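J.: Numbering (my numbering), first residue to last: 189 to 305. Ideal Cβ positions, reconstructed from N, Cα and C, are used throughout, including at glycine. Given the structure is predicted, the values throughout are model-derived calculations rather than measurements. Dropping a structure here in structure tokens format, bear with me for questions.
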Amino acid sequence: QVQLVESGGGLVQPGGSLRLSCTASRNIFSTYVMGWHRQAPGKQRELVAGFTSGGFTNYADSVKGRFTISRDNAKNTVTLQMNSLKPEDTAVYYCNARRRFDHYDIWGQGTQVTVSS
Numbered sequence: 189q190v191q192l193v194e195s196g197g198g199l200v201q202p203g204g205s206l207r208l209s210c211t212a213s214r215n216i217f218s219t220y221v222m223g224w225h226r227q228a229p230g231k232q233r234e235l236v237a238g239f240t241s242g243g244f245t246n247y248a249d250s251v252k253g254r255f256t257i258s259r260d261n262a263k264n265t266v267t268l269q270m271n272s273l274k275p276e277d278t279a280v281y282y283c284n285a286r287r288r289f290d291h292y293d294i295w296g297q298g299t300q301v302t303v304s305s
């Protein structure tokens with residue numbers, strides 16, 4: 189079973205930056221599509237940024253221009269660079285791997301991001 193391990197969450201002031209990393213236990217990028225989701229208290233989990241099956245990136249409107257997703261195939265790592273953070277970005281962030289042929293999902297354990305002064 190593939191495992192996803194996230195790191196990089198924490199407390200940051202509004203306007204600050206954080207970098208989240210997700211490392212898979214083996215190379216899965218050829219069979220899984222990767223993405224980052226988040227869930228704020230009392231809200232549904234939502235897609236923040238991800239790769240399409242064609243290798244393009246897509247972003248939630250609320251983070252466009254501020255967040256950047258990238259991947260390092262050699263390190264089995266997907267990174268979410270978050271800039272100009274806002275209090276409304278506060279949530280638990282989850283790394284997701286969705287298997288291409290049947291959309292089976294694997295989730296990381298989640299990492300807390302808190303934006304507050």
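For the beta strand (DSSP E) containing F255, name the first residue and the last one.
T.: It spans F255 to D260 - the beta strand (DSSP E) in which F255 sits, taken as one unbroken run.
J.: Should H225 go down as buried or exposed, given a rule of 16 or more other Cβ atoms within 10 Å for buried?
T.: So H225 counts as buried.
J.: By DSSP, does D293 sit in helix, in strand, or in coil?
T.: If DSSP states are grouped into helix, strand and coil, D293 belongs with the strands.
J.: N215 and N284 look like a contact to me (Cβ under 8 Å); what is the Cβ gap, rounded to whole Å?
T.: About 17 Å; that fails the 8 Å criterion.
J.: Compute the Euclidean distance between the alpha carbons of G203 and N261, then round it to the nearest angstrom.
T.: One C-alpha to the other measures close to 30 Å.
J.: Mind checking whether A237 and E276 have CB atoms under 9 Å apart?
T.: Not closer than 9 Å, so no.
J.: Would you check if the distance between the CB atom of G242 and the CB atom of R286 is smaller than 9 Å?
T.: Contact: no.
J.: What three-state label does DSSP hand Y251 in the structure shown?
T.: At residue 251 the sequence reads Val, which differs from the Tyr that was named. V251 falls in the helix class under three-state DSSP.
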